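Protein chains: 2
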Amino acid sequence: MPTHYSGTREEVLALNTFIKLTRATESLLARLAQRNTHPGLTTSQFGVLETLYHLGPMCQSELGGKLLKSGGNITMVIDNLEKHGLVHRERGIEDRRFISVSLTDAGRKQIEDVFPGHVQAIIEEMSALTHEEQRSLGALCRKLGKAESS
Amino acid sequence: MPTHYSGTREEVLALNTFIKLTRATESLLARLAQRNTHPGLTTSQFGVLETLYHLGPMCQSELGGKLLKSGGNITMVIDNLEKHGLVHRERGIEDRRFISVSLTDAGRKQIEDVFPGHVQAIIEEMSALTHEEQRSLGALCRKLGKAESS
DNA sequence: TGATATTATTTCAATATCAAACGATTACAG
DNA sequence: CTGTAATCGTTTGATATTGAAATAATATCA
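Sequence lines, in order, name chains A and B. The first sequence begins at 23 in this note's numbering and counts up by one. The second sequence begins at 23 in this note's numbering and counts up by one.
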């Protein structure tokens, strides 16, 4: 799906690369969503549980930083997870501005139940590329992701 | 930001590549959003206007297909664009199920005003990679994006 | 100490997003 | 020709998402 933009060769290359990158990522995420690897959890909720599971309890602003989401959003996602009894809020003791969010036993069980299947789905999707291609793609993404906005 | 998952080497490679891909794309999109290259338009609204501008009028389900969005979502985005007088709905004549969506003059002017700046921002962001790297990234994304869910 | 700045979270309004259910319309099989 | 199936758009309900404004707690510094 090339762009219909008529610019210099350099401009067309950048635009086409951008489109391929975003579409590949979006369609990959859509295929993963269709597999329903984390039933009963939204993608955001799964992201929070996974982060807490692998990195341990942390405050909401730190979660927002890791998941690239706004503070208001994290408040709502944690609200819904809390309603379902999957996470626990605890006001900081030394610095009472912070709220430490941690997994409940139910939350830990939930993420442990679904994570292996999620990983398996990712592995299957990524298997469209050879290992060498995966390493290459990772390196390019790393370089692009670190780019500074001028 | 490597994963903390302890699997086989192959599993870790796939997972890390996946994480790098999604994070690079998300942070790139976040940097573009910060540049505010399409003021007064949400990303979805901009996507619709751009699609109509480059591909001409089309019905809502086709828009949904191109933008990878659900039908209900397209209805709302078109609603908001119509409120602002940027697009126009027209019921199909032969097949009355379809609704053809087209740009109004105001919509055309709007997209023509902001599109060059948007392209420029993308070019600047993509310049973190050499032309060769961009071609390589594009090819890998193309291969990954086409992958079939097994 | 006290005014001010910073940080963390919440609230709110607007928009986005999906899935499921629904009504209108068309296609098609019998 | 007729009824069933498929398609399109809309609606609804739940959650997501952002940005801005409001709150609360802490830190800083004069």
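Note that CB positions come from ideal geometry on N, CA and C, so glycine has one too. Predicted model only: the values in this text are computed from it and were never measured.
Beta-carbon separation (whole angstroms), residue i vs residue j, contact threshold 8 angstroms
{"i": "residue 85 of chain A", "j": "residue 109 of chain A", "result": "Going by Cβ atoms, the distance from residue 85 of chain A to residue 109 of chain A rounds to 10 angstroms, so no, they are not a contact pair."}
{"i": "residue 121 of chain B", "j": "residue 75 of chain B", "result": "Not really, about 18 angstroms apart at Cβ, beyond 8 angstroms."}
Residue from the options whose Cα sits closest to the Cα of residue i
{"i": "residue 139 of chain B", "options": "B:78, B:82, B:58", "result": "B:58"}
{"i": "residue 119 of chain A", "options": "A:94, A:133, A:104, A:83", "result": "A:83"}
{"i": "residue 88 of chain B", "options": "B:104, B:66, B:103, B:102", "result": "B:66"}
{"i": "residue 56 of chain B", "options": "B:131, B:144, B:95", "result": "B:144"}
{"i": "residue 77 of chain B", "options": "B:64, B:123, B:135, B:102", "result": "B:123"}
{"i": "residue 146 of chain A", "options": "B:166, B:127, B:54, B:130", "result": "B:166"}
{"i": "residue 32 of chain B", "options": "A:168, A:141, A:53", "result": "A:141"}
Residue i versus residue j: straight-line alpha-carbon distance, rounded
{"i": "residue 73 of chain A", "j": "residue 148 of chain B", "result": "29 angstroms"}
{"i": "residue 117 of chain B", "j": "residue 97 of chain B", "result": "18 angstroms"}
{"i": "residue 43 of chain A", "j": "residue 90 of chain B", "result": "14 angstroms"}
{"i": "residue 5 of chain A", "j": "residue 100 of chain B", "result": "This structure cannot settle anything about residue 5 of chain A, because the visible part of chain A is limited to 23 through 172."}
{"i": "residue 164 of chain A", "j": "residue 163 of chain B", "result": "14 angstroms"}
{"i": "residue 81 of chain A", "j": "residue 93 of chain A", "result": "11 angstroms"}
{"i": "residue 79 of chain B", "j": "residue 105 of chain A", "result": "45 angstroms"}
{"i": "residue 102 of chain A", "j": "residue 127 of chain B", "result": "44 angstroms"}
{"i": "residue 137 of chain B", "j": "residue 161 of chain A", "result": "30 angstroms"}
{"i": "residue 63 of chain A", "j": "residue 95 of chain A", "result": "16 angstroms"}
{"i": "residue 40 of chain B", "j": "residue 61 of chain B", "result": "32 angstroms"}
{"i": "residue 52 of chain A", "j": "residue 130 of chain B", "result": "30 angstroms"}
{"i": "residue 135 of chain A", "j": "residue 30 of chain B", "result": "19 angstroms"}
{"i": "residue 54 of chain A", "j": "residue 159 of chain A", "result": "19 angstroms"}
{"i": "residue 125 of chain A", "j": "residue 107 of chain A", "result": "9 angstroms"}
{"i": "residue 168 of chain A", "j": "residue 68 of chain A", "result": "25 angstroms"}
Residue i: CB within 7 angstroms of a non-hydrogen atom of the ligand FMN
{"i": "residue 144 of chain A", "result": "Looking at this structure, you won't find the ligand FMN or any other ligand, since it has none at all."}
Quick check: the region 30-40 of chain B against the region 142-153 of chain A, are at least 3 beta-carbon pairs closer than 8 angstroms? yes
Practice item. Jot down the residue ranges of each uninterrupted beta strand (DSSP E) in the region 74-120 of chain A, minimum 3 residues, whole runs only, in chain order. Key: The qualifying runs are 109-113.
**Prompt:** Unbroken alpha helix (DSSP H) runs of length 4 or more, entirely within the region 26-76 of chain B: which are they?
**Reply:** If we require 4 residues or more, the alpha helix (DSSP H) runs fully inside the region 26-76 of chain B come out as 31-57.
contact_flag[the region 37-53 of chain A, the region 101-116 of chain A] where n(CB pairs < 8 angstroms) is 3 or more | Short answer: they don't touch.
Within the region 116-163 of chain B, ranges of the alpha helix (DSSP H) (whole runs, at least 4 residues): Counting only runs of 4 or more, we get 127-148.
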